[in-house]
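So the structure is just underneath, and the comments pick up after that.
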């Protein structure tokens, strides 16, 4: 009897041991391709929020350079011992130049700096780098040669950090642009720009501008180099622009109108940024859009970093959280024409009206636009009515253009259900889903797309970010808990690439002193920049995108949360490697045996990339930008197998080449 129980116990132990081995084995089959990974799968979402454009990636250092803010001298301070009433006047050109009507008239009596000067505070200060050149330019008009302009950068004590004198070269009734360059002698995070006047006479000024000499690709009047570089380092598949809610506007008068953002910068009409007063906890009365970063620059940026351009256009609806203004259906034609004209601007021959405009701006070759978004986070039957008219018009003339349609603000609920059902009946190309939710939601929804129709409309995960404390709360943090939850969720996006066409985290940029919304993927101040843990998750997915989704199972099941483990795998046919992503979202270390099945034999070694921190509250900062950042090491592969030790709260990528 005892013998019987003994052998029964051994049998049970053996069975449990086999089961344990099965559960700790991850089987990958590169021969079993389940979907293609779209080249544009992992991209970035740009919006001018948190000083993302003016004061951010658009490198202009002067705030309110053309005196067009609601308060014409906002950002400027006037000082001088010889100023008399009327010596500085804001004048208006009126209807003749309605897009940029204001200018400053200066009557100078100065012989020294203290006599008359105007000082600009910049965007939360001006970042100055020692040894870097700065390009000062101005539009001026004077009837007689009398006044010299002394341009300088100064610190908080008034010490000059670099300066130059601009002597106007012409004297007549016409506006002229002139520039001069100088070099800074010190690094200061929050400097100011000062302009003082020497000589007795009158001069009119407009578009007072200062750019650093290290813009992206050294383009005059261009973009901030380090902010573009951190995007280029991701190798994103697309750039969605010009954003989300700013497309809609607080009302239709403040909606984004792409035609007003192209052509000479001095002719682009400034408007208030809709994030100017959106949040009472972060008022931003000086937040405007100058459109120095306009649609041409967005297309150019996309081309520069090898990303597909994805513009979003207003569909005749303003923000439904604000005014919910609508364009009547019988008055929608100008909005639809804007969409058709944009496609021509991007792709048209130089002999077409809008293709010619693009060529005159310096880009005769087309931008090869393939996708276009109609509306942003709009919802309800009103959206569907307007979308139907847009779709018919665009598809009739440009059937090759894929249209992105909104599924509203949330990933579930009545609004989502109406749009998702209706859009799929309409055979929408791509449906834009947004989710700002808790880290727990992201972990629980790793299987969200497992049962979506493979043959129906595709999904664009257009805006997502785990919220550490709650949607739009200023206490949200870009911590590791949020980032690892996103990494786990993204295994489900990758596994379902047959459904999910592309994805992007949002928002992208935030200025440390000028933000309205948290969390954000990349943080900047006037001089420095760092990527959050969320940035590194997005970057690792983008750099390890692969070309084909392949089978990865444990105990014949998808790996989506059991025992805290999440996984996906792709084949990279360009490099002849298998790329395996495994997330351990639990607090304990795990060990998994990776078995690579199929007809191909692997090399004897691979590369392991790990992003890990045992503190879920860990964040990156300006002082420690790489606190949570990837580390690489070699790993041994034997007989197509590898032992993978998964540290607590870790994101692991194993790249294994084939022989």
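In mature numbering (1 follows the signal peptide of the UniProt record, and there is no 0), the protein residues as written are -20 to -1, 1 to 639. C-beta: ideal position from N, C-alpha, C; glycine also.
Subject >> Pairwise C-alpha distance: residue 83 and residue 157 >> reply: 14 Å
**Q.** C-alpha gap between residue 637 and residue 558, whole angstroms
**A.** 6 Å
Which whole runs of the alpha helix (DSSP H) in the region 390 to 434 are 4 residues long or more, in chain order?
394 to 405 and 419 to 424
Tell me the rounded alpha-carbon separation between residue 362 and residue 313.
16 Å
Are the CB atoms of residue 629 and residue 577 within a distance shorter than 9 Å?
no
*asked:* Assuming contact is defined by CB atoms lying nearer than 9 Å, are residue 33 and residue 61 in contact in what I supplied?
replied: no
Just verifying my parser: in three-state terms, what is the DSSP assignment at residue 184?
strand
- Message: Less than 9 Å between the C-beta atoms of residue 262 and residue 454, yes or no?
- Response: yes
*Taking DSSP as the reference, what is the three-state secondary structure of residue 1?*
Summary for residue 1: the model assigns pLDDT 46, below 50, so the residue's position carries little reliability; its value from the coordinates is reported in the next sentence. If DSSP states are grouped into helix, strand and coil, residue 1 belongs with the helices.
What is the rounded straight-line gap between the Cα of residue 188 and the Cα of residue 160? 12 Å
* Proximity winner among 282, 28 and 491, relative to residue 208 (alpha-carbon distances) -> 282
- Query: Cβ atoms of residue 364 and residue 402: under 9 Å apart, would you say?
  - Reply: yes
(Q) Using the three-state DSSP reduction, which class does residue 617 fall into: helix, strand or coil? (A) coil
query: If you count every other CB in all the chains shown that lies within 10 Å of the CB of residue 372, and 16 or more means buried, which is it?
result: exposed
Inset, instruction - Using only alpha-carbon positions, find the residue among 430, 197 and 393 that is nearest to residue 360. - result: 393
Classify residue 238 as helix, strand or coil using the three-state DSSP reduction. helix
Ignore the nearest five residues each way along the sequence and tell me which others in residue 1's own chain have a CB closer than 6 Å to its CB. Any reading at residue 1 is ruled out, since the residue's pLDDT is 46, under 50, leaving its predicted position unreliable.
field: Whole-angstrom distance between residue 489 and residue 651, CA atom to CA atom
entry: Here the chain has residues from -20 to 639 only, and residue 651 is not among them.
Requested in this report: Taking residue 184 and residue 121 to be in contact with their CB atoms under 8 Å, please state how far apart those CB atoms are, rounded to whole angstroms.
Outcome: 4 Å
Q.
For residue 256 and residue 170, I'd like the C-alpha separation in whole angstroms.
A. 22 Å
Using the Cα positions of residue 241 and residue 14, report the straight-line distance between them to the nearest angstrom. 43 Å
Other residues of its chain near residue 438: CB distance less than 6 Å, five sequence neighbours each side excluded = 410 and 481
Minimum length 4: unbroken alpha helix (DSSP H) runs contained in the region 161 to 239 | 205 to 212 and 225 to 228
Alpha carbon to alpha carbon, how far is residue 562 from residue 625? Give it in angstroms, no decimals. 10 Å
Return the chain-ordered list of same chain residues with a C-beta closer than 7 Å to the C-beta of residue 4, the five sequence neighbours on each side being excluded.
571, 572 and 573
### Query
If you drop the 5 nearest sequence neighbours on each side, which residues of the same chain put their C-beta closer than 6 Å to that of residue 11?
578 and 579
Simplified DSSP assignment, three categories, for residue 279: helix
Worksheet item: Do the CB positions of residue 275 and residue 265 come within less than 9 Å of each other?
Response: no
Can you check whether the CB of residue 549 is closer than 9 Å to the CB of residue 497? no
Apart from the five residues on each side of it in sequence, which residues of its chain come closer than 6 Å, Cβ to Cβ, to residue 519? 214
Check: Which runs of the beta strand (DSSP E) spanning at least 3 residues fall entirely within the region 285 to 372, listed in chain order?
Finding: 288 to 293 and 351 to 354
(request) Could you check the C-alpha separation between residue 288 and residue 259 for me, to the nearest Å? (result) 32 Å
Just to confirm, does residue 619 get its C-beta within under 8 Å of one of the non-hydrogen atoms of the ligand HEM? Ligands in the displayed structure: none, and consequently the ligand HEM is not present.
Original post:
So what's residue -6 in DSSP terms, helix, strand or just coil?
Top reply: Unreliable positioning characterises residue -6 in this predicted model, as indicated by a pLDDT of 42, which lies under 50. The coordinate reading is nonetheless provided below. Residue -6: helix per DSSP, three-state reduction.
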